[in-house]
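Chemist: Can you read through this structure? Questions will come right after.
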Ligand SMILES: Nc1ncnc2c1ncn2[C@@H]1O[C@H](COP(=O)(O)OP(=O)(O)OP(=O)(O)O)[C@@H](O)[C@H]1O
Ligand SMILES: [Mg+2]
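Residue numbers (this note's numbering): 79 to 569.
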């Protein structure tokens, strides 16, 4: 539909400031996601050190997030404070964690009624501006005020350039009438803030693993929490898969509890919400974790998948296709990716379940019962391979049965083999060490092949094929196709 805008009547419908800014409060941030949105800005501004502090003063408590990024001039602060200063459709640099031109405001207003930004560029003067929701309500205008909480004039003196975001009147975190000596409220405030700390250790673990980047928590360095337990020896790593050029997927199956290097390592791997909740995809956008364990609507969380964690790496170029939200806490894979993600997830979950099955076998062995596996793993010259366990009672039984009913016995044997090929274990071994699998037929006695080949050849000739035709049919038959020279020698 094309509308001709050149000659059309219009009416102004500017949003009411007081109502609109209150609506910004309802986007649904938690304290964790709100603080992370502020830290995203600091990272985008090139900060290497970010200081997060809470100041307990009862109803007048504050949260301060300060960085040593490039900072902003007076004009730039005003621009940063403007809701929707930047169009979400604009292309952004790959290291920019922003998208909507809203996060600073929406994240802050979700927690407080007073947002102050104080900033300075290198070699320039410090400047500051504040959004005060009470003032906006009073005036119904989109006006900032030149105001700074008492005692914070020198907040940036110790850095060359940088920015501090100050949240005061934290009505969503502490009720405004709370007294400073209310120990119960103080404890709750501390606990809420501790959850934020763990959330940041997880969300920014890739940045924190780089020693030149630091997040300080009330003066203490936050240590990274890596969901994939990369130092665990029994960790299973799946091969990386790619969707187009933009998206990489890599699965990790954590070891069973008893196979973790220590009790504390297992406890640590559990994460904030426990193993069950932390299963699923870990979606990263520009190295920042967006989702920490979510099946993206492709499957359900199950107890038996709880050791499965799959890393998905996105760049901000796919923001729109993946419907990244303002809070940077949701993502919806586009139709084109769903099938591939789902099939990868299924493979990973099958491996995840194997960990428990395998565990079951070990337990049975330990319990003293002789566990008979149909397949045994072997190793020769550093190469692994699987053989059917000839000692298995079923094989012995089939041999007896073959005396009476050879066709039936062979059919049954083939059926059991088809059903029990240890594909998952093979898949894991392949993923971990591609080179170490023995080549099929690499050390089989060649006379077995030759004798089988001759028998088939003569059978075919007696069935009426010419020797040329019989040879050709063998060349198209596994595994004889690998032995053309032997076929040509047949007489
Ligand atoms: N700590 C900071 N240092 C330097 N500039 C900042 C800082 N915080 C915000 N800004 C500037 O303010 C702008 C607006 O920030 P805001 O978080 O509102 O939106 P965004 O980061 O562009 O996008 P999104 O809504 O996705 O977060 C940023 O694009 C950046 O230019
Ligand atoms: Mg932002």
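We treat Cβ as the ideally placed atom computed from N, Cα and C, and that holds for glycine.
Looking at ligand 2, does it come within less than 7 Å of residue 119, judged from the CB to the closest heavy atom?
Modeler: Residue 119: yes, Cβ under 7 Å from ligand 2.
Chemist: For a minimum of 4 consecutive residues, which ranges assigned as the alpha helix (DSSP H) are wholly contained in the segment 139-191?
Modeler: The qualifying runs are 152-159, 181-187.
Chemist: Which residue spans inside the segment 181-252 form an unbroken beta strand (DSSP E) run of at least 3?
Modeler: Whole beta strand (DSSP E) segments, 3+ residues: 192-198, 205-210, 240-246.
Chemist: Taking Cβ positions, are residue 418 and residue 321 nearer each other than 8 Å?
Modeler: Yes.
Chemist: Decide yes or no for the touch test of the segment 330-347 against the segment 361-381: beta carbon pairs closer than 8 Å, at least 3 of them.
Modeler: Not touching, per the Cβ criterion.
Chemist: Indicate whether residue 142 and residue 300 have their beta-carbon atoms separated by less than 8 Å.
Modeler: Their beta carbons are not under 8 Å apart, which means residue 142 does not touch residue 300 by this criterion.
Chemist: Starting from residue 261, follow the alpha helix (DSSP H) in both directions and report where the run begins and ends.
Modeler: Element bounds for residue 261: 261-281.
Chemist: Counting pairs of beta carbons, one from the segment 228-237 and one from the segment 192-207, are three or more of them closer than 8 Å?
Modeler: With the cut-off at 8 Å, the segment 228-237 and the segment 192-207 touch.
Chemist: Could you give the first and the last residue of the continuous beta strand (DSSP E) run that contains residue 533?
Modeler: Careful: residue 533 lies outside any beta strand (DSSP E), inside the alpha helix (DSSP H) at 524-540.
Chemist: Pull up the CB-CB distance for residue 359 and residue 369, whole angstroms please, since I reckon it's below 8 Å.
Modeler: Rounded, the Cβ-Cβ distance is 6 Å, consistent with contact.
Chemist: Flag this pair as yes or no: are the beta carbons of residue 146 and residue 114 separated by less than 8 Å?
Modeler: No, these two residues do not count as a Cβ contact at 8 Å.
Chemist: Just to confirm the assignment, what range does the alpha helix (DSSP H) spanning residue 569 have?
Modeler: Per DSSP, residue 569 belongs to no alpha helix (DSSP H) and is neither H nor E.
Chemist: Let me check you understand the geometry: is the CB of residue 98 closer than 7 Å to at least one non-hydrogen atom of ligand 4?
Modeler: Summarising the ligand content, the structure contains ligand 1 and ligand 2 and does not contain ligand 4.
Chemist: With residue 114 as the anchor, note down where its alpha helix (DSSP H) starts and where it stops.
Modeler: Element bounds for residue 114: 109-122.
Chemist: Rounding to the nearest angstrom, what Cα-Cα distance links residue 597 and residue 152 in this structure?
Modeler: Only positions 79 to 569 of the chain appear in this structure, which leaves residue 597 out of reach.
Chemist: Express the C-alpha separation of residue 452 and residue 402 in angstroms, rounding to a whole number.
Modeler: Spanning the two alpha carbons is a distance of roughly 48 Å.
Chemist: Nearest-angstrom Cα distance between residue 515 and residue 500?
Modeler: One C-alpha to the other measures close to 14 Å.
Chemist: Within the present structure, is the beta-carbon of residue 145 separated from the nearest heavy atom of ligand 2 by less than 7 Å?
Modeler: Checking the Cβ of residue 145 against ligand 2 gives no.
Chemist: Ligand 2 and residue 181: does the residue's C-beta get closer than 7 Å to at least one heavy atom of that ligand?
Modeler: Yes.
Chemist: Run through the DSSP bridge pairs and tell me what residue 470 is partnered with.
Modeler: BP columns for residue 470 are empty, so no partner.
Chemist: Is it right to say residue 456 is buried, meaning 16 or more other beta carbons lie within 10 angstroms of its own, or is it exposed?
Modeler: Exposed: under 16 other Cβ atoms inside 10 Å.
Chemist: Can you have a look at residue 523 and say buried or exposed, based on whether 16 or more other CB atoms are within 10 angstroms of its CB?
Modeler: Per the 10 Å Cβ criterion, exposed.
Chemist: Alpha carbons only, please: which of 99, 262, 298 is nearest the one belonging to residue 129?
Modeler: Taking only the C-alpha atoms, the option nearest residue 129 is 298.
Chemist: Using the Cα positions of residue 157 and residue 134, report the straight-line distance between them to the nearest angstrom.
Modeler: Those two C-alpha atoms are separated by around 31 Å.
Chemist: I want to check one thing, is the minimum distance from the CB of residue 115 to the heavy atoms of ligand 2 below 7 Å?
Modeler: Residue 115 Cβ: within cutoff of ligand 2.
Chemist: So for residue 418, helix, strand or coil by DSSP?
Modeler: DSSP places residue 418 in helix when its eight states are reduced to three.
Chemist: Apply the 10 Å Cβ neighbour rule to residue 351 and answer buried if 16 or more other Cβ atoms are within range, or exposed otherwise.
Modeler: Exposed, by the Cβ-count rule.
Chemist: CB of residue 178 to nearest heavy atom of ligand 1: below 7 Å?
Modeler: Yes, since a heavy atom of ligand 1 falls inside the 7 Å radius drawn around the Cβ of residue 178.
Chemist: With a 10 Å radius around its C-beta and 16 neighbouring C-beta atoms as the bar for buried, classify residue 189 as buried or exposed.
Modeler: Residue 189 is buried by the Cβ-count criterion.
Chemist: Comparing the CB of residue 194 with every heavy atom of ligand 1, is any distance shorter than 7 Å?
Modeler: Answer for residue 194: no, Cβ out of range of ligand 1.
Chemist: Tell me the DSSP secondary structure of residue 304 in three-state form.
Modeler: It is coil, neither helix nor strand.
Chemist: Taking only the alpha-carbon atoms, compute the straight-line gap between residue 104 and residue 182 and give it to the nearest angstrom.
Modeler: Answer to the nearest angstrom: the Cα atoms are 14 Å apart.
Chemist: Tell me, to the nearest whole angstrom, how far the beta carbon of residue 184 is from that of residue 404; I am working on the premise that it is less than 8 Å.
Modeler: Right, their Cβ atoms sit about 6 Å apart.
Chemist: In chain order, what residues of the same chain lie with their CB nearer than 8 Å to the CB of residue 208, ignoring the 5 residues before and after it?
Modeler: Only 192, 193, 194, 195, 222, 223, 224, 225, 226 meet the Cβ criterion.
Chemist: Tell me which residues share the same chain as residue 495 and place their Cβ nearer than 7 Å to its Cβ, disregarding the 5 neighbours each side in the sequence.
Modeler: Contacts found: 466.
Chemist: Is residue 370 helix, strand or coil when you go by DSSP?
Modeler: Correct three-state label for residue 370: strand.
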